[in-house]
Structures are given as structure tokens and as C-alpha cells.
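Chemist: The sequence shown begins at 168 in the numbering used here and counts up one residue at a time. Here it is: the structure, laid out below.
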Amino acid sequence: MKRRIRAWIERLFHSRIEECTLLRVVETNRITPHMLRVAFIGRDLEPFATNENLHVKLLLPPQGAARDHWLKEEPGGKVRLKGRNLDPVFRKYTIRSIDAGVGRVAIDFVCHEDGGPGAAWAAAAKPGDVVGMIGPGGRSAAPADWVLLAGDETGLPAIGRILESLSGDARGLALVEIDGPEEEQPLSAPPGVELRWLHRQRALAGTTDLLADAVKAVSLPGDGTRFAWVAGEFAAIQAIRRHLRATGLGKQEQLVVAYWRRDEAEARGTG
């Protein structure tokens with residue numbers, strides 16, 4: 168029985184790899200001291216070019232693997248590992264921008280000294296490195312007369328993408344928690360959507376009530392349709408979810424998701 172289960176898991180694992188899209192790094196750009204944008208090229212990116220599903224899973228090479236040829240694309244488009252003993256690292260990220268026509272996609276990575284394997288991979292990324300991409304998934308903000316976007320650094324790439332997808336007459340507020348002024352980055356928001364940066368003043372991410380308090384201070388409009396999209400650390404997300412429910416915001420009017428947990432990040436490294 169155990170052998171059959173193990174064989175089933177192995178088949179499932181390799182089928183996911185076969186279905187992934189192969190991406191190759193073409194450029195890296197340090198957006199802020201702790202935000203690194205990695206641009207890739209790939210084929211058949213049309214399924215990923217959607218504003219409804221923003222997230223993907225990246226397959227990153229395990230430590231010690233050759234970063235530029237640990238995956239190979241076979242005739243017919245299937246992707247395979249170049250060594251059966253390789254155990255890829257799976258991490259979820261937001262597509263920051265995509266142009267399926269030219270086969271280019273960009274993903275932002277939060278990079279800290281104590282970051283995990285995803286951040287470590289991005290910090291050392293160079294043209295020619297390859298990764299696999301599976302997806303897309305993860306909902307965006309639903310259309311509404313007024314929208315609230317809120318998140319920390321991990322939610323910032325999605326907030327930036329959502330802001331760019333809003334109509335020119337959109338109204339709302341975007342709250343972004345970051346370390347300090349040096350982590351602010353240019354974002355394109357409609358005139359009716361206020362962008363407000365929240366500075367932790369060097370406090371560690373996940374140790375303050377900054378984002379939750381800012382959301383609690385927002386007066387939600389009582390007329391028209393409205394939607395709240397929030398992403399960040401688990402404890403802050405719990406507090407925000409409780410608050411939004413207390414305000415009467417319905418389940419169909421919000422998407423509040425924990426992207427990470429501070430206790431788990433401290434145990435294994437983030438990213």
C-alpha cells in the first residue's frame with residue numbers, strides 16, 4: 168500500500184512538472200532596496216494573461232542544481248527534470264506584468280537578508296536561468312463602484328497590478344505597508360483612487376498593527392457597490408477580516424487572504 172501511494176505521489180508530482188511553462192530569465196531590476204523585479208521570456212503565455220487570476224506557482228531549482236538547465240522542454244511542449252533526484256522548490260507569486268504577444272512576464276520578489284529559497288534564488292538570478300510556472304490562480308478584486316486595496320510587501324505586486332487594471336473612473340483607496348520611504352515605488356492609480364503608503368519605521372514585518380489599524384480607520388461607503396481586497400501576514404489578516412465582517416461587508420464583497428505567517432517565516436525563512 169505504501170509503495171502504491173508513493174508511486175501515485177511521484178506520478179502526480181511529475182505530471183505537474185510536465186504541465187508547467189518553461190521561463191528563462193532575461194533581466195533583473197532592483198525596484199527598491201528590498202524589491203527585485205525579474206523579467207522572463209516564455210512561450211504560450213496566453214492563459215496567464217488574465218486580470219481575474221493574478222498568481223502562479225514557480226518551480227525553482229533545488230540547492231546545488233544547475234540554474235540554467237535543470238529543466239528541459241521536449242518536443243510538444245512538455246517540461247521534464249534533467250535529473251530524477253531533483254526536488255524543485257514550489258513558491259507562489261504574483262505576475263506583476265505580462266505581454267503574451269512578445270512572450271514576456273515580470274515577477275516581483277521581496278528580498279530580505281533572512282529570506283527563504285525564493286528570495287535567495289531571485290537575489291542571484293541572471294539571464295539564462297530557468298524556472299517552471301504553473302497556473303494561473305488567485306482571485307483579483309471584483310468590479311465595484313468603490314474598492315479598498317490593502318497589503319504589506321507581499322501583497323504589493325498584486326495591488327500594483329490591480330490598480331493598473333481599474334477603469335479610469337474608479338474610486339477607492341489603496342493602503343500599502345512597507346518598511347520606510349525608500350521602499351515606495353511608482354504605481355499607476357486612477358485619479359479617484361488614493362494611494363497611501365504606511366511606514367513601519369524599521370519595525371520588522373508582521374510585528375505591528377499598522378495595516379490593521381489603517382483598514383479599521385477607513386469609512387466604507389454606504390451607497391453603490393464596494394469591494395475589499397486585502398493580503399498580508401496571518402495575524403493582521405485575521406484582525407482585518409474580523410473588522411470587515413463587523414462593518415457588514417458581505418462575503419461576496421471581500422477577498423482577505425493571508426500570504427504568510429510570521430511564526431512560520433521565522434522557523435524556515437521567508438520567500
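Every residue, glycine too, gets a C-beta built ideally from N, C-alpha and C. Keep in mind that this is a model prediction, so the values were computed, not measured.
Applying the 10 Å Cβ sphere with the 16-neighbour rule, what's the burial state of residue 201?
Modeler: If you number the sequence shown from 1, residue 201 lands on position 34. Flag for residue 201 reads buried.
Chemist: From the DSSP output, in three-state form, read off residue 383 for me.
Modeler: Residue numbering aside, residue 383 sits at position 216 when the sequence shown is read from its first letter. The answer is helix: DSSP assigns residue 383 an H, G or I state.
Chemist: Span of the beta strand (DSSP E) holding residue 330?
Modeler: Residue 330 sits at position 163 when you count from the first residue of the sequence shown. Counting along the chain, residue 330 falls outside any beta strand (DSSP E), though it belongs to the alpha helix (DSSP H) covering 323–332.
Chemist: From this set, 351, 337 and 347, which residue's C-alpha is nearest residue 359's C-alpha?
Modeler: Here the question's residue 359 lines up with position 192 in the sequence shown. Minimum Cα distance to residue 359 is reached at 337.
Chemist: Could you tell me which whole beta strand (DSSP E) segments of length 3 or greater appear in the segment 202–272?
Modeler: 202–209, 220–227, 238–240, 246–248 and 256–266
Chemist: How do the segment 379–387 and the segment 403–410 stand: do at least 3 beta-carbon pairs fall below 8 Å, yes or no?
Modeler: yes
Chemist: Where does residue 199 land, buried or exposed, given buried means 16+ other C-beta within 10 angstroms?
Modeler: Locating residue 199 in the sequence shown gives position 32, counting from the first residue. Answer is buried; the Cβ neighbour count reaches 16.
Chemist: Based on Cα-Cα distance, which residue from 383, 373 and 424 lies nearest to residue 431?
Modeler: Counted from its first residue, the sequence shown places residue 431 at position 264. The residue with the shortest Cα to Cα distance from residue 431 is 373.
Chemist: Could you give the residue range of the beta strand (DSSP E) that holds residue 421?
Modeler: Residue mapping note: residue 421 aligns to position 254 of the sequence shown, counting from 1. Looking at the DSSP string, the run of the beta strand (DSSP E) that includes residue 421 is 421–427.
Chemist: Measure from the alpha carbon of residue 332 to the alpha carbon of each residue in 357, 416, 313 and 386, then state which is nearest.
Modeler: Reading the sequence shown from its first residue, position 165 is the one you call residue 332. The option with the nearest alpha carbon to residue 332 is 357.
Chemist: Can you tell which of 221, 313 and 230 has the C-alpha that lies nearest to the C-alpha of residue 273?
Modeler: By 1-based counting over the sequence shown, the position of residue 273 is 106. For residue 273, the nearest C-alpha among the options comes from 221.
Chemist: Could you name the residues that DSSP lists as bridge partners for residue 398?
Modeler: In the sequence shown, the residue the question calls residue 398 occupies position 231. Residue pairing from DSSP places residue 398 in a beta bridge opposite 318 and 424.
Chemist: Taking DSSP as the reference, what is the three-state secondary structure of residue 410?
Modeler: Here residue 410 refers to the residue found at position 243 of the sequence shown. The answer is helix: DSSP assigns residue 410 an H, G or I state.
Chemist: Out of curiosity, what's the CA-to-CA distance linking residue 235 and residue 297?
Modeler: Looking up residue 235 in the sequence shown gives position 68. Looking up residue 297 in the sequence shown gives position 130. Going by the C-alpha atoms only, they are around 5 Å apart.
Chemist: Between the alpha carbons of residue 324 and residue 343, how many angstroms are there, rounded?
Modeler: If you number the sequence shown from 1, residue 324 lands on position 157. If you number the sequence shown from 1, residue 343 lands on position 176. If I take the Cα positions, the gap works out to 10 Å.
Chemist: Per DSSP, what kind of secondary structure is residue 351 in: helix, strand or coil?
Modeler: Reading the sequence shown from its first residue, position 184 is the one you call residue 351. Of the three classes helix, strand and coil, the one that applies to residue 351 here is coil, per DSSP.
Chemist: Does the contact criterion of 3 or more C-beta pairs under 8 Å hold for the segment 385–396 versus the segment 420–429?
Modeler: Touching, yes.
Chemist: With a cut-off of 8 Å, do at least 3 Cβ pairs link the segment 279–290 to the segment 301–315?
Modeler: no
Chemist: Quick one: what does DSSP say residue 417 is sitting in, helix, strand or coil?
Modeler: Stepping through the sequence shown from its first residue, residue 417 is reached at position 250. Coil, per DSSP.
Chemist: Give me the Cα-Cα distance between residue 250 and residue 237, rounded to the nearest whole angstrom.
Modeler: Here residue 250 is taken as the residue at index 83 of the sequence shown, counted from 1. Here residue 237 is taken as the residue at index 70 of the sequence shown, counted from 1. Roughly 7 Å between the two C-alpha positions.
Chemist: Checking 8 Å against the spacing of the C-beta atoms, do residue 189 and residue 299 come in under that value?
Modeler: Locating residue 189 in the sequence shown gives position 22, counting from the first residue. Locating residue 299 in the sequence shown gives position 132, counting from the first residue. In this structure, residue 299 lies closer than 8 Å to residue 189 by Cβ.
Chemist: Under a three-way DSSP split, which group does residue 305 fall into?
Modeler: For the purposes of this step, residue 305 is taken as residue 138 along the sequence shown, with counting starting at 1. Residue 305 falls in the strand class under three-state DSSP.
Chemist: Please state whether DSSP places residue 430 in a helix, a strand or coil.
Modeler: Locating residue 430 in the sequence shown gives position 263, counting from the first residue. Of the three classes helix, strand and coil, the one that applies to residue 430 here is helix, per DSSP.
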